[in-house]
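*Asks:*
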Amino acid sequence: MNIEKGLKNTEQFEVTENLTAASLGSGLLPVLSTPAMIAFMEGVCQHSVQPYLSEGYGTVGAELNVRHVSATPVGMRVKAECELVSVDGNMYTFEVRAFDETGLIGEGTHKRCVINDEKFMKKTLSKLENRKQSF
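Using our numbering, the letters of the sequence shown map in sequence onto residues 115 to 249.
1) In chain order, what residues of the same chain lie with their CB nearer than 7 Å to the CB of VAL199, ignoring the 5 residues before and after it?
2) What residue does the beta strand (DSSP E) around VAL180 start on, and which one ends it?
3) If TYR166 and ILE219 are in contact, beta carbons under 8 Å, what's the gap, nearest whole angstrom?
4) Going by beta carbon distance, what residues of the same chain come within less than 7 Å of GLN160, once the five residues before and after it are set aside?
5) With a CB to CB cut of under 6 Å and the five nearest residues on each side skipped, what residues in its chain are close to PHE234?
6) Going by Cα to Cα distance, which pick from GLY222, GLY189 and LYS236 is closest to ASN216?
7) Using the three-state DSSP reduction, which class does PRO187 fall into: helix, strand or coil?
8) Would you check if the distance between the CB atom of ALA194 and the CB atom of VAL158 is smaller than 7 Å?
9) How is LYS119 classed by DSSP in three states: helix, strand or coil?
10) Whole angstroms are fine: how far does the CA of ASN123 sit from the CA of LEU133?
11) Which residue wins for smallest C-alpha separation from GLU232, given the options GLN247, TYR171, HIS182 and PRO144?
12) Taking the C-alpha atoms as reference points, what is the distance between VAL192 and ARG211?
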């Protein structure tokens, strides 16, 4: 697992009705929702490093600081791009940007942590046994 800063990735998608703020419940208008834009930004980062990880390992989102600066209508294409700017042990920091066909719509930073998939899921699922009855 030797991933160095400078690694880049770019991906595109088309805004569909199911990705809108109105559809996801984060707003009332039929425009690309902030949660969908953020998920796309996280995905482009995850996809950039996954091919370099050993089998049984992946990354999970650990921190996100993003500004959504412009609305995008249904039917328009969106491009997300990332660059790995820091590697600190198992923590990777990315700069992320998203554009629609007219310009910048979002930008920020995203951190992902390398995890062992099996250990991560075992720990996560153990929460089911330890949940509070009075929640």
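All C-beta atoms in this analysis are idealised placements derived from N, C-alpha and C, irrespective of residue type, glycine included.
*Replies:* Taking the geometry as given:
1) Annotation for VAL199: LYS119, THR207, PHE208 and GLU209 place their beta carbon closer than 7 Å to its own, counting only its chain and skipping 5 residues before and after.
2) Here the beta strand (DSSP E) through VAL180 covers 171 to 182.
3) With 8 Å as the limit, TYR166 and ILE219 do not qualify as a contact, their Cβ atoms being about 28 Å apart.
4) Correct list, in chain order: THR173 and ARG226.
5) Within the same chain, no residue comes within 6 Å of PHE234 by CB-CB distance, once the 5 residues on both sides are set aside.
6) In the sequence as displayed, the identity of residue 216 is Thr instead of Asn. Taking the Cα of THR216 as reference, the smallest distance to any Cα among GLY222, GLY189 and LYS236 is reached at GLY189.
7) Strand.
8) Contact: yes.
9) It is coil, neither helix nor strand.
10) Approximately 22 Å between the Cα atoms of the pair.
11) Selected option, being the one with the closest Cα: TYR171.
12) One C-alpha to the other measures close to 10 Å.
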